[in-house]
Ligand code: F6P
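Numbering (the numbering used here), first residue to last: 1 to 544.
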């Protein structure tokens with residue numbers, strides 16, 4: 001490209017960027033969310049509940065080190081909790097977690113700049129093996145993702161799951177004490193928690209978010225404890241899914257499994273005098289924070305270091321960031337890359353691929369198999385298509401903080417998300433937020449929730465090797481202006497709806513639907529409503 005063309009293109013990128021910043025559509029800011037909560041939840045404590053904790057403490061030599069867990073859910077909710085304050089109840093999984101908690105098993109988070117309280121709950125090895133690796137990840141996970149890994153159902157796993165859910169509920173109730181509260185439960189690990197909470201405190205507002213897909217009733221009906229799981233979930237006032245299709249599958253499943261009135265007009269279930277609203281809310285990322293990190297000089301420096309270290313000068317770069325999970329379609333993506341090199345040999349030596357693979361659930365055989373297959377694929381491609389400056393595939397098996405991912409996102413000419421099935425997939429959104437120069441391309445599986453919003457991506461099925469290989473080639477060789485225009489549109493979608501919009505929608509729905517839900521009897525007097533003092537307060541904004 002001539003100097004003139006390069007200057008023109010840089011100016012056009014700068015113009016789009018400044019337009020996205022200044023004239024972009026209004027979105028919820030962190031402080032607007034705080035204002036909203038002050039106005040609408042003045043008297044309620046916010047309690048978030050999840051299996052995975054946002055921060056873990058681990059021993060490193062004779063020191064204790066803090067890790068910010070990189071999972072999409074925890075990163076996204078950490079931003080919200082930092083804004084709103086409250087309590088987060090989660091499993092304490094770090095080997096130094098017990099060493100840093102107070103007498104009530106609480107630790108302030110984030111540890112270097114406390115904004116909320118993390119209440120840790122302890123599990124034995126057996127609990128973990130049965131509740132987490134067993135029922136949650138060997139039964140519900142494959143059942144809901146429908147990727148031809150057979151779910152395994154064991155009574156002992158189910159009993160442990162029920163027991164651990166009961167313990168999560170007890171920890172929540174201890175944190176709430178006798179005050180009013182809004183409880184927000186996360187994901188498939190905790191399908192029964194609302195039931196145990198409501199048994200003791202029916203006055204509390206309880207919502208849960210199911211972050212993975214919900215299958216159709218035909219698939220779900222094989223679960224031996226399907227009634228109990230559904231009843232547990234219907235104890236919530238609101239159940240959220242990322243996309244409408246999963247909410248509809250859930251309603252169909254309830255209709256086929258339980259005696260209940262399913263309202264497909266309003267997306268609600270009435271059962272035993274209780275209404276549960278079932279609604280879609282697409283989660284997103286803290287796009288502004290990621291964009292700011294991407295623009296930082298430090299990120300540029302790290303990017304240059306990585307290029308040099310991995311021998312990537314002068315070649316196009318592809319990127320995949322995933323937990324090493326069989327639902328993510330990582331072998332499928334390598335197969336398609338191999339096919340692209342075969343069909344378009346001009347990319348040999350001129351294209352390198354970085355796969356960041358976060359080790360995950362390694363105690364399960366299926367996950368160890370994925371790890372082995374991914375390593376083999378990296379070797380195969382490196383043997384078949386060598387490069388002089390370094391390997392063609394760099395497999396980085398590490399649990400990187402999302403801040404460490406930003407330089408990788410920024411330098412990638414192509415980011416690929418090839419999930420066989422995924423509730424949302426936040427990698428796609430993080431990549432877009434971290435690409436302010438619009439120099440990149442997103443190749444996205446149609447089987448992600450994200451594909452419903454990110455329609456201008458190169459959509460290609462991981463089950464179609466030829467189609468995926470063609471999408472890689474098309475994305476890499478697209479006309480630069482046309483590609484930038486697509487990136488600008490995609491990025492705007494992410495900037496338009498961030499994690500604070502998601503949280504505001506969820507909270508607003510809980511509050512609003514509570515007003516609309518008919519009650520059969522006056523609410524039972526509870527200690528919470530008898531002269532309870534307002535307990536909700538956001539952390540002091542001036543400390544930010
Ligand atoms: O995709 C579901 C999910 O719970 C995510 O929300 C989260 O990022 C991921 O799984 C983490 O899984 P785990 O806690 O088992 O590492």
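Positions of the beta carbon are idealized from the N, C-alpha and C atoms, including for glycine.
Can you say whether residue i is buried or exposed, counting buried as having 16 or more other CB atoms within 10 angstroms of its CB?
i: residue 522; result: Low confidence applies here, because residue 522 scores a pLDDT of 40, under 50, leaving its location unreliable and the question unanswered by this model.
i: residue 31; result: exposed
i: residue 38; result: exposed
i: residue 372; result: exposed
i: residue 332; result: buried
i: residue 362; result: exposed
i: residue 430; result: buried
i: residue 510; result: buried
i: residue 91; result: buried
i: residue 23; result: Summary for residue 23: the model assigns pLDDT 48, below 50, so the residue's position carries little reliability; its value from the coordinates is reported in the next sentence. Per the 10 Å Cβ criterion, exposed.
i: residue 299; result: buried
i: residue 94; result: buried
i: residue 346; result: exposed
i: residue 175; result: buried
i: residue 42; result: exposed
i: residue 359; result: exposed
i: residue 527; result: Reliability fails at residue 527, whose pLDDT of 34 lies under 50, so the model's placement of it is uncertain and no value is given.
i: residue 481; result: exposed
Let me check understanding here. Comparing Cα to Cα, which of the options lies closest to residue i?
i: residue 110; options: 178, 501, 160, 82; result: 82
i: residue 185; options: 47, 220, 312; result: 47
i: residue 418; options: 388, 337, 386, 412; result: 337
i: residue 312; options: 263, 491, 390; result: 390
i: residue 318; options: 274, 350, 239; result: 350
i: residue 374; options: 364, 326, 55; result: 326
i: residue 461; options: 481, 320, 416; result: 416
i: residue 217; options: 190, 245, 211, 200; result: 245
i: residue 123; options: 176, 79, 53; result: 53
i: residue 177; options: 44, 70, 321, 282; result: 44
i: residue 160; options: 502, 403, 136; result: 136
i: residue 50; options: 190, 94, 163; result: 190
i: residue 35; options: 80, 71, 334; result: 80
i: residue 367; options: 464, 70, 138, 94; result: 138
i: residue 235; options: 425, 273, 402, 285; result: 273
i: residue 63; options: 41, 71, 40, 100; result: 100
i: residue 162; options: 147, 181, 195; result: 195
i: residue 180; options: 205, 257, 165; result: 205
i: residue 156; options: 128, 174, 167; result: 128
i: residue 420; options: 360, 303, 328; result: 328
i: residue 126; options: 104, 164, 151, 106; result: 164
i: residue 65; options: 324, 112, 463; result: 112
i: residue 33; options: 513, 512, 502; result: 502
i: residue 548; options: 513, 413, 199, 490; result: There is simply no residue 548 to check, as the chain begins at 1 and stops at 544 in what is shown.
So, using beta-carbon positions, are residue i and residue j closer together than 8 Å?
i: residue 344; j: residue 473; result: yes
i: residue 270; j: residue 260; result: yes
i: residue 454; j: residue 428; result: yes
i: residue 188; j: residue 158; result: no
i: residue 197; j: residue 169; result: yes
i: residue 223; j: residue 143; result: yes
i: residue 364; j: residue 133; result: yes
i: residue 207; j: residue 240; result: yes
i: residue 96; j: residue 149; result: no
i: residue 278; j: residue 250; result: yes
i: residue 275; j: residue 28; result: no
i: residue 441; j: residue 483; result: yes
i: residue 243; j: residue 452; result: yes
i: residue 505; j: residue 341; result: no
i: residue 69; j: residue 288; result: no
i: residue 330; j: residue 408; result: no
i: residue 335; j: residue 465; result: yes
i: residue 212; j: residue 423; result: yes
Does the Cβ of residue i lie closer than 7 Å to at least one heavy atom of the ligand SAM?
i: residue 133; result: In the structure on display, the ligand SAM does not appear, and the ligands it does have are the ligand F6P.
With three or more beta-carbon pairs closer than 8 Å as the criterion, would you say the region 387-403 touches the region 350-357?
At 8 Å Cβ cutoff, the stretches touch.
Would you call the region 279-294 in contact with the region 431-444, where contact means no fewer than 3 C-beta pairs closer than 8 Å?
Judged by Cβ distances under 8 Å, the region 279-294 makes contact with the region 431-444, as three or more pairs qualify.
Can you list, in chain order, the stretches of the alpha helix (DSSP H) that have 4 or more residues and sit fully within the region 398-460?
Taking only runs of at least 4 residues, the alpha helix (DSSP H) segments lying wholly in the region 398-460 are 402-411, 426-433, 450-453.
Does the count of Cβ pairs from the region 114-127 and the region 87-100 closer than 8 Å reach three?
Touching, yes, given that three or more Cβ pairs across the two stretches are closer than 8 Å.
Let me know the beta strand (DSSP E) ranges lying completely inside the region 153-194, each 3 residues or longer, listed in chain order.
Listed in chain order, the complete beta strand (DSSP E) runs (minimum 3 residues) inside the region 153-194 are 181-186.
Contact between the region 378-392 and the region 435-451 is defined here as three or more beta-carbon pairs at a separation below 8 Å; is this criterion met?
The region 378-392 is not in contact with the region 435-451.
Would the region 228-235 and the region 472-489 be scored as touching if the rule is three or more Cβ pairs under 8 Å?
Note that the region 228-235 does not touch the region 472-489; fewer than 3 beta-carbon pairs, one per stretch, sit closer than 8 Å.
Residue ranges of each beta strand (DSSP E) within the region 467-526, 3 or longer:
Annotation: the region 467-526 contains no complete segment of the beta strand (DSSP E) (minimum length 3 residues).
What are the start and end residues of each continuous beta strand (DSSP E) run of 3 or more residues lying completely inside the region 298-385, in chain order?
Complete beta strand (DSSP E) runs here, min 3: 316-323, 351-358.
Run through the region 232-263 for me and flag every whole beta strand (DSSP E) of 3 or more residues, listed as ranges in chain order.
Qualifying beta strand (DSSP E) stretches, in chain order: 238-241, 261-263.
Sequence ranges, beta strand (DSSP E) only - wholly within the region 96-124, length at least 3:
Listed in chain order, the beta strand (DSSP E) runs fully inside the region 96-124 are 106-109, 116-121, counting runs of at least 3 residues.
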